[in-house]
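In the working numbering, the protein residues as written are 50 to 276.
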Amino acid sequence: MTGFDMKIFAAVVMLIDHIGAYILTDMMVLRVIGRLALPVFAWFVAEGCRHTHSISKYALRLAISAVIAEFCVDFVETGSFGMDWSGQSIMLTLLLGVLSIWAIQKFGDMAGSAVALLCCSLSQVFLSEYKWYGVALVLLFYYCQNIPLQAICYAVLSVLWQWDMIIGWITDGRFHRFLDWPHQLWGLLAFVPLALYNGKRGGRSGWFFYVFYPVHLLLIGWLATRM
């Protein structure tokens, strides 16, 4: 799979996830499929940091996208474009991941790690989607390029992220109900397309995700208000 193929894959599974979240809310399988999106997007952001000529410009693009996306997220959540501070988009989470990497590159491991911890804390304060877990995934994919090790670290982070859900899943004896598994663990399936990545860019798609993310939210929000 080329980089372009990977972006299309991530966009499709994210679209499926949001259809399950806002339109076909009884179809839990759609949310399970959607768990494959975050690992791929976190991987893309890490790759972007690794190959960009200017990480500061990369962060600026994400920051602009985060502001635009916030209005779209508020629309799909509330049906209006007013600023709702009860939760922020994944774009803010990815931006904080990029800022963490930038700080480590610029200030070194010790000071940069302190900034990364601050970014994780800010993700909690501003309630960005996936909070510290999403920031940590960007850092994971940036510093670890071995796919089997990535998968192991992803599983560990996912267990930490959904620890309370896992305890409930175990104590309630729901092992046989696959769709009740701690959802983020299904994201391990994302390592199949990651393993198939051939290192080639594929089609030109620099602005694809920046455009697709807000547009698909607006469309889903519009459909949700009419159902």
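Don't be surprised by glycine CBs; every beta carbon is placed ideally from N, CA and C.
Ends of the alpha helix (DSSP H) at residue i?
| i | result |
| --- | --- |
| Leu149 | Strictly speaking, residue 149 in this sequence is Ser, with Leu absent from that position. Taken as a continuous stretch (DSSP letters only), the alpha helix (DSSP H) holding Ser149 covers Ile139 to Phe156. |
| Phe130 | Note, Phe130: premise wrong, no alpha helix (DSSP H); not H, not E. |
| Arg84 | Here Arg84 belongs to no alpha helix (DSSP H), and DSSP marks it neither H nor E. |
| His265 | Phe257 to Ala273 |
| Ala244 | Phe240 to Leu245 |
| Lys249 | Looking at the DSSP string, Lys249 is not in any alpha helix (DSSP H), and its letter there is neither H nor E. |
| Leu64 | Gly52 to Tyr71 |
Whole-angstrom Cβ separation of residue i and residue j, contact assumed at under 8 Å?
| i | j | result |
| --- | --- | --- |
| Val184 | Leu145 | 5 Å |
| Cys168 | Leu148 | 6 Å |
| Gly252 | Phe93 | Actually they are not in contact, since the Cβ atoms of Gly252 and Phe93 sit about 15 Å apart, beyond 8 Å. |
| Thr142 | Glu178 | 6 Å |
| Ala91 | Val187 | 5 Å |
Residue i: buried (16+ other C-beta within 10 angstroms of its C-beta) or exposed?
| i | result |
| --- | --- |
| Lys106 | exposed |
| Ile201 | exposed |
| Pro263 | buried |
| Gln154 | exposed |
| Ser129 | exposed |
| Phe156 | exposed |
| Val78 | exposed |
Residue i and residue j: beta carbons closer than 8 Å?
| i | j | result |
| --- | --- | --- |
| Phe257 | Lys56 | yes |
| Ile269 | Ile139 | no |
| Ile104 | Ile150 | yes |
| Leu245 | Met50 | yes |
| His232 | Arg80 | yes |
| Leu243 | Val89 | yes |
### Task
Return the chain-ordered ranges of every alpha helix (DSSP H) run that is complete within the region 159–226 and spans a minimum of 4 residues.
180–192, 196–210 and 212–220
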